[in-house]
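Colleague: Input: one structure, supplied below.
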Amino acid sequence: MRSYPPSARCRTIAFSAAVLAICCTGPTQSFAQSSNSTTSSSQFTVGSSLEATADPPVPRPHTKHCEVTLLTNQAFADFNNKTFNFTPPADCPGPWSKVIFTGDFSIQPGVQFDRTGLVFFGNVNIYFGTTAEPLQNQTDTWHVERDLTDYSSLFKTPQTGFASLGNIVGADGLTSTIFGTFKLEFFQADFVNPAPRTADLVLPLPDNGNGAAGLNSTTPELTQTFTLPKNIESAYIDVLAESQSSEEQWFLCLPSSVAGDVGVCGNTDFRQVNVSIDGKPAGVAPIFPWIYTGGVDPGLWIPIPGVQTLNFLPYRVDLTPFAGVLSNGQQHTVGVTVFNAFNFFSTLATLLVYQDHGTSQVTGALTEDTLTDPDPTVVSNVAFDAHGNGGGTATVTSKQNFTIAGFVNTSHGRVNTKVDGNVNFSNVQTVTSSATTFGQGVVQTSTVNQKTTTQDGFLFTTKENDVSYPFNINYLETVESNGDIGEVSTVDQNFQRNETDTLEGFPIFRSSVSNEVSSGDTATFVASPTGFSLGPNSGQSSKQTYVYHDTLGNCFSRTLTAANNVLTGVKDGAGCEHGFHW
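Numbering (my numbering), first residue to last: 20 to 601.
Here you go:
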């Protein structure tokens, strides 16, 4: 069970949609959409409190397709894994132009925490996300999808797998069971929709069948040792790190020297995933500031949840400069760590290996690696007295510029790969604490600009991937004269990504995506002899805008608006200058 962190002067340690306990301890191709995927605004009901996200479905080609159901209406009411067996679809033997995971969830009305859900296929993670908290009088439902085409080699043989979604029903006043139906969709390739090149090996970290690894200050690194093929041409790693427990809202952590004075998490408010190979720095992944449906104030997230709350997207790190090293026939250890982890991050990684099918052995070397561990700068004037009164401003910044380069001698000649990275993080936090108030405000930016340059013979190609996570949060808790606690909060999250491919310096493809959710609410926590319960909220409003477009003419744009915890509007196409195409 994911627990809620103490928030400070009077901190939430566990709350659901109906119950709040507070501890006061003092201070490359164009796709058309297939008919089996919902895309139109008709899926939404204005005036409803059901989960509503503007995120688009995964594009499908118009080719023959098959579905394989992994679990049907599976109930999650305990902490036991739910297993399944998989057999490749005989009617769609491949090659596949697209493979897609779909999940359809529901939660009974009542009282329940938001929960972390994962699906594993042969120990490889194929879904990671959190659940909605229940509505009081209506079953809530939601749908998620993930493009797994790069993982296609997993699905060519029979496999076993399991879903992990720990949930308690019948204890501690928790009443709502969560249900899930999970499927894989396979789309055959044809002349118009050819099968893309996909990873030859898809290897999980950890590979122990126990799910995600918990990383904190005492267990700082997740490692896996592999004996890999001798003909690796390129390699990547997909990384997911979900904050848990007392650092669920890690972006509100304070320097350890003062964090304990008001009961918040320490190690400052900077987190980052570092990737290593044989102990040598190999890559960097930023961590998105996800907020779950019970986070900060549950009223913020009905009916529009935060960005990616229900369906986390992995961040892919290019490890191709290490291909020559990984192909030398020796064992190699791949490691993932969360820099500054406090307590704790659920962490997963998946290694993708692409082989040179023209030879059984490649040679090569790593020629340059200037990446080092981050060295953040902390400037803080935050201070509290013996009663927890005080406050101030804490600023944390981190900058890294690096180059990692290597080569492999392949069946089609020498291939040189160079990865240039520019990583920037800034979090400016203001905190205030008094006998009757506690508040925190954060302005955070996190960007990674990465350019991969490949020389294959006389041919030069580049791939630029720029991600940015602008994030603002403010909340203020006030103890009222009657003992109730009022909380006013606002949150703005934005996921931005731009990709550019060039050939000999000429752009051949560009794409961009922006996914922004902004929300505000005023919550009341009602005092009673036994604690606090979540009372009425007021003034709630939220908005999500998702826009994607690329130079192939594909465009998707959708805006959802909500007020007083019901959906008030759906608008498609506003961000598509030349029309709505998906």
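Every residue, glycine too, gets a C-beta built ideally from N, C-alpha and C. Keep in mind it's a predicted model, so treat the numbers as computed, not measured.
(1) Determine the closest residue to residue 411 out of 453, 370, 425, 439, with distance taken between C-alpha atoms.
(2) From residue 585 to residue 321, what does the alpha carbon distance come to, in whole angstroms?
(3) Spatial neighbours of residue 279 within its chain, please: CB distance less than 8 Å, with the 5 preceding and 5 following residues excluded, ordered by chain position.
(4) From residue 274 to residue 177, what distance separates their C-alpha atoms?
(5) Could you check the C-alpha separation between residue 168 and residue 204 for me, to the nearest Å?
(6) Between the stretch 364-376 and the stretch 210-218, are three or more C-beta pairs nearer than 8 Å?
(7) Specify the secondary structure class of residue 309 as computed by DSSP and reduced to three states.
(8) Quick check: the Cα distance between residue 567 and residue 229, rounded to an integer number of angstroms?
(9) Verify whether the separation of the beta carbon atoms of residue 288 and residue 272 is less than 7 Å.
(10) Return the bridge partner residues of residue 552 from the DSSP annotation.
(11) Is residue 281 closer than 7 Å to residue 458 when the C-beta atoms are compared?
(12) To the nearest angstrom, how far is it from the Cα of residue 545 to the Cα of residue 317?
(13) Taking only runs of the beta strand (DSSP E) that begin and end inside the stretch 138-179, which ones reach a length of at least 3 residues, in chain order?
(14) Taking the straight line between their C-alpha atoms, what separation do you get for residue 401 and residue 461?
(15) Rounded to the nearest angstrom, what separates residue 43 and residue 409 at their Cα positions?
(16) Residue range of the alpha helix (DSSP H) that residue 343 falls in?
(17) At which residues does the alpha helix (DSSP H) containing residue 275 begin and terminate?
(18) Since residue 559 contacts residue 535 with CB under 8 Å, what's their CB separation in whole angstroms?
(19) In the DSSP assignment, find the unbroken beta strand (DSSP E) run with residue 463 in it and report its ends.
(20) Excluding five sequence neighbours on each side, which residues of the same chain lie with their C-beta closer than 6 Å to the C-beta of residue 307?
(21) Taking the alpha carbon of residue 491 as the reference point, which residue from 483, 476, 449 has its own alpha carbon closest?
(22) If contact is defined by three or more beta carbon pairs under 8 Å, each pair taking one atom from either stretch, is the stretch 192-202 in contact with the stretch 245-256?
(23) Using only the alpha-carbon positions, how far apart do residue 34 and residue 133 sit?
(24) Between the Cα of residue 343 and those of 421, 254, 323, spot the shortest distance and give me the residue it belongs to.
(25) Under 7 Å, Cβ to Cβ, is there at least one residue of chain B near residue 199?
(26) May I have the straight-line CA-CA distance separating residue 214 from residue 206, to the nearest angstrom?
Modeller: In short, the structure shows the following:
(1) Minimum Cα distance to residue 411 is reached at 453.
(2) Roughly 7 Å between the two C-alpha positions.
(3) Listed in chain order, the non-local C-beta contacts of residue 279 below 8 Å within the same chain comprise 285, local neighbours out to five positions each way being set aside.
(4) Cα-Cα distance, rounded: 50 Å.
(5) Residue 168 and residue 204: Cα-Cα distance of roughly 10 Å.
(6) Taking a cut-off of 8 Å for Cβ pairs, the stretch 364-376 and the stretch 210-218 touch, as three or more such pairs fall below it.
(7) In this structure, residue 309 counts as coil in the three-state DSSP scheme.
(8) Each residue's alpha carbon lies about 36 Å from the other.
(9) In terms of Cβ geometry, residue 288 and residue 272 form a close pair [threshold 7 Å].
(10) DSSP lists 545 as partners of residue 552.
(11) One thing to note: residue 458 has its Cβ no nearer than 7 Å to the Cβ of residue 281.
(12) Cα to Cα, the separation comes out at about 15 Å.
(13) 143-149, 159-166, all fully within the stretch 138-179.
(14) Near 14 Å, if we compare the C-alpha coordinates of residue 461 and residue 401.
(15) Here the model assigns residue 43 a pLDDT of 30, short of 50, so the residue's position is not dependable, and the following value carries that caveat. About 17 Å.
(16) Segment 342-345, the alpha helix (DSSP H) holding residue 343.
(17) Start and end: 275-278.
(18) So it is not a contact: roughly 18 Å between Cβ atoms.
(19) Boundaries of the beta strand (DSSP E) around residue 463: 456-475.
(20) Sequence-distant Cβ neighbours of residue 307 in its own chain, meaning closer than 6 Å and more than five residues away, are 488.
(21) Nearest Cα to residue 491 within the set 483, 476, 449: 449.
(22) Flag = no, the stretch 245-256 and the stretch 192-202 do not touch.
(23) Because residue 34 carries a pLDDT of 34, less than 50, the predicted location of this residue cannot be relied on, and no value is offered for it.
(24) In terms of CA proximity to residue 343, 254 leads the group 421, 254, 323.
(25) No chain B is part of this structure, which consists of one protein chain only.
(26) Cα-Cα distance, rounded: 9 Å.
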